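Protein chains in written order, with our numbering: chain A, 397 to 461; chain B, 8 to 228; chain C, 39 to 286. No residue lacks a Cβ here, since even glycine has one placed at the ideal position from N, Cα and C. In this text the structure is predicted, and so the values were computed from the model without any measurement.
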Amino acid sequence: MDSLSTFLDMGGYAAFVWPGYGLAAIGILGLLVTTLRTLRAREKEFAGVRRNRPLSQNVGPGDDA
Amino acid sequence: MSVFGAVLKRDLALAIRQSADSFTVLAFFAIAVVLFPLGVGPETNTLAKIAGGVLWVSALLAALLSLDRLFTVDFEDGTLDQLVLSGEPLVFVVLAKTAAHWLTTGLPLILLSPVLALTLHLPAEGYGALLTALLLGTPTVSLIGAVGAALVLGSRRGGVLLSFLVLPLYVPILIFGTLSVEAAILGVPVKATLALLGAMALFAAVLAPWAAAAALRQATE
Amino acid sequence: MHRFANPTTFMRIANAIFPWAAGLSAVLFLIGLPVALVTSPADYQQGDSVRLFYVHVPAAWISLMVYGMMAVSSAAFLIWRHPMASVSARALAPVGAIFTALALVTGSLWGRPMWGTYWVWDARLTSELLLLFIYLGYIAIADAFEDPERGDKAAAVLGVVGSVNLPIIHFSVEWWNTLHQPSIIKMTGFTVDGSILLPLFLMLGAFTSYTIAIWVLRLRSELLAVKLRNARMSEVSLAPSLNRGAAE
Numbered sequence: 397m398d399s400l401s402t403f404l405d406m407g408g409y410a411a412f413v414w415p416g417y418g419l420a421a422i423g424i425l426g427l428l429v430t431t432l433r434t435l436r437a438r439e440k441e442f443a444g445v446r447r448n449r450p451l452s453q454n455v456g457p458g459d460d461a
Numbered sequence: 008m009s010v011f012g013a014v015l016k017r018d019l020a021l022a023i024r025q026s027a028d029s030f031t032v033l034a035f036f037a038i039a040v041v042l043f044p045l046g047v048g049p050e051t052n053t054l055a056k057i058a059g060g061v062l063w064v065s066a067l068l069a070a071l072l073s074l075d076r077l078f079t080v081d082f083e084d085g086t087l088d089q090l091v092l093s094g095e096p097l098v099f100v101v102l103a104k105t106a107a108h109w110l111t112t113g114l115p116l117i118l119l120s121p122v123l124a125l126t127l128h129l130p131a132e133g134y135g136a137l138l139t140a141l142l143l144g145t146p147t148v149s150l151i152g153a154v155g156a157a158l159v160l161g162s163r164r165g166g167v168l169l170s171f172l173v174l175p176l177y178v179p180i181l182i183f184g185t186l187s188v189e190a191a192i193l194g195v196p197v198k199a200t201l202a203l204l205g206a207m208a209l210f211a212a213v214l215a216p217w218a219a220a221a222a223l224r225q226a227t228e
Numbered sequence: 039m040h041r042f043a044n045p046t047t048f049m050r051i052a053n054a055i056f057p058w059a060a061g062l063s064a065v066l067f068l069i070g071l072p073v074a075l076v077t078s079p080a081d082y083q084q085g086d087s088v089r090l091f092y093v094h095v096p097a098a099w100i101s102l103m104v105y106g107m108m109a110v111s112s113a114a115f116l117i118w119r120h121p122m123a124s125v126s127a128r129a130l131a132p133v134g135a136i137f138t139a140l141a142l143v144t145g146s147l148w149g150r151p152m153w154g155t156y157w158v159w160d161a162r163l164t165s166e167l168l169l170l171f172i173y174l175g176y177i178a179i180a181d182a183f184e185d186p187e188r189g190d191k192a193a194a195v196l197g198v199v200g201s202v203n204l205p206i207i208h209f210s211v212e213w214w215n216t217l218h219q220p221s222i223i224k225m226t227g228f229t230v231d232g233s234i235l236l237p238l239f240l241m242l243g244a245f246t247s248y249t250i251a252i253w254v255l256r257l258r259s260e261l262l263a264v265k266l267r268n269a270r271m272s273e274v275s276l277a278p279s280l281n282r283g284a285a286e
């Protein structure tokens, strides 16, 4: 318990170290989450487009080639 | 090179006919400078200290305002399309238009700056450096600005976007321009910073027209 | 319009790299974070605030690396007109902007206890701030046209112009800084202790592999966006009468 509180205290720099790491985590994870979300949404939309117009060759059948 | 002469002549003639444009830029420059004493306070020492920086920042902003129109008129009335299709080297067209821009805004700004420096109590030692630095720096302002102006042609938010793109690129000019004035006031040699301004002008004169020409070609495609 | 129809060699390579980059990043974060936060010793001068370096330095590195990648993509796009290059640049810009912002924030959080203030016009922070503006300008222009292809082209020119300008900006800020702030901030006395190297390199590796992985994900995403746009356009061209009706 004691070692945990000294860890959290960061030698008195807690107010700077933790926000720094926290914001970095938000930035890094946030970028990952938004990237994955847009990717999934576009994949879904694209799958829909291909299903509706299966004959069109220029829509981009490339992924599985 | 004949394109250069033709475009330069035409743009200068246009600028003379619409001289109100140049005067508006000058008026903006004057007002921007005047705002600083009103904001910072009229204390002589403070003003003398910031004079170089204030003049440079205001000159950059004033030049920027006029850049917005550098290509737009030609772009909208189709002259630009003709110039691109004519097969004439676009680099010279850009150089000519930039030269015309500098002659009609950069040069008047330089001529007005000593008067405004007076109101800011710029120490006497600073005037020579201020004028030389402006003379060496403002062509680069026009050249880099031409690239920005060509890039934003036909965009949704031209003017604001142009400032946003170009101002960070002006930082070196601002720094060395202001440092030249400060060095002169302190009695330190100003050769180094002035030489750097000159080098940047040459560098920009070689590269910027090329980039602006590429952007113009994109805009007319 | 048909240029995107075939999978490019580029995408094949990128997809092959992806699992390695993602895996490496996860492993390095898992090892690196405990080392950075727990097992590495506090600096004898800076105390535990040195731990901010282990995110600040990698973030600053990524901000430059991504700009480098973006500049190469932009140049490749202008030279070879390869559409993949503009997709790459588009995918990179927000990543660079985020890491630049992170470098600024962690730098200023480190500065507060060290310099006694959140913001100092230190040469590196100032350059980083200007880099952020350039990233934002790039994102703004790529997105400022009705025709996204024109945005790609304009952004590519700006990317190249920016890459020529950045060293000059950095040099001028450096010069300006030495004249204006001779002694306050100089990091003298900051001797690089061996103990900071291990966490630093672990985190540098983690950030770099993360960036590569996220780049591939965003490449896929941007490529799909282009394909979707093309699909929509071809739909419009297949129904000209409908289109004409709408225009009137």
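It is roughly 11 angstroms from the alpha-carbon of A80 (chain C) to the alpha-carbon of V73 (chain C). DSSP, reduced to helix, strand and coil, places D81 (chain C) within a strand of the structure shown. Membership of M103 (chain C) in the alpha helix (DSSP H) is indicated by the continuous run 91-118. DSSP places V429 (chain A) inside the alpha helix (DSSP H), whose first and last residues are 410-448. Per DSSP, reduced to three states, the secondary structure at P121 (chain B) is helical. Contact of F82 (chain B) with chain C is not assigned, every C-beta pair being separated by 8 angstroms or more.
Below the 8 angstroms Cβ cutoff, chain C contributes I179, A192, V195, L196 as neighbours of L158 (chain B), in chain order. C-alpha of Y173 (chain C) to C-alpha of A131 (chain C): approximately 6 angstroms in a straight line. Cβ-Cβ distances below 6 angstroms link R258 (chain C) to nothing in the same chain once the five nearest sequence neighbours on each side are left out.
Closer than 8 angstroms at the C-beta level to chain B, one finds these residues of the segment 94-126 of chain C: L116. Here the C-alpha atom of V104 (chain C) lies approximately 44 angstroms from the C-alpha atom of L21 (chain B).
Chain A places no beta carbon closer than 8 angstroms to that of V211 (chain C), leaving this residue out of the contacts. In terms of beta-carbon proximity, F78 (chain B) stays away from the interface with chain C, with every pair separated by 8 angstroms or more.
Inclusion of A208 (chain B) and T112 (chain B) in the CB contact set at 8 angstroms is not warranted, their separation being larger than that value.
Between P96 (chain B) and chain C, the shortest Cβ-Cβ separation is not below 8 angstroms. Contact between the segment 84-104 of chain C and the segment 260-274 of chain C is absent: fewer than 3 CB-CB pairs across the two stretches fall below 8 angstroms. Ranking C:L142, C:G175, C:P151 by CA distance to the CA of W159 (chain C) puts C:L142 first. Using a Cβ distance threshold of 8 angstroms, A222 (chain B) and S187 (chain B) do not count as a contacting pair. When DSSP states are grouped into helix, strand and coil, Y177 (chain B) belongs to the helix group.
At a cut-off of 8 angstroms, the C-beta of A443 (chain A) has no neighbouring C-beta in chain C.
At a cut-off of 8 angstroms between beta carbons, L168 (chain B) contacts chain C. In the three-state scheme derived from DSSP, where H, G and I count as helix and E and B as strand, E50 (chain B) is classed as coil. No Cβ of chain C is located within less than 8 angstroms of the beta carbon of S149 (chain B).
Using a CB distance cut-off of 8 angstroms, N203 (chain C) counts as an interface residue toward chain B. Judged by DSSP secondary structure, F82 (chain B) falls within the alpha helix (DSSP H) whose first and last residues are 79-84. Unbroken beta strand (DSSP E) runs of no fewer than 3 residues, entirely contained in the segment 187-215 of chain C, are not found. If one requires a minimum length of 4 residues, the alpha helix (DSSP H) runs lying completely within the segment 157-212 of chain B are 165-193, in chain order. Going by C-alpha positions, T402 (chain A) is about 53 angstroms away from A192 (chain C). The DSSP assignment places 121-153 as complete runs of the alpha helix (DSSP H) inside the segment 113-159 of chain C, in order along the chain (cut-off: 4 residues). When the beta-carbon positions are compared, A153 (chain B) and L15 (chain B) stay at least 8 angstroms from each other.
Taking C-beta atoms as the reference points, A37 (chain B) and L141 (chain B) fail to come closer than 8 angstroms. With a threshold of 16 other beta carbon atoms within 10 Å, K440 (chain A) falls short and is exposed. Look at V413 (chain A): its C-beta is under 8 angstroms from a C-beta on chain C. For the C-beta of L168 (chain C), the chain B residues within less than 8 angstroms are, from N- to C-terminus, P175, V178. Boundaries of the alpha helix (DSSP H) harbouring M49 (chain C): 47-72, taken from the DSSP string.
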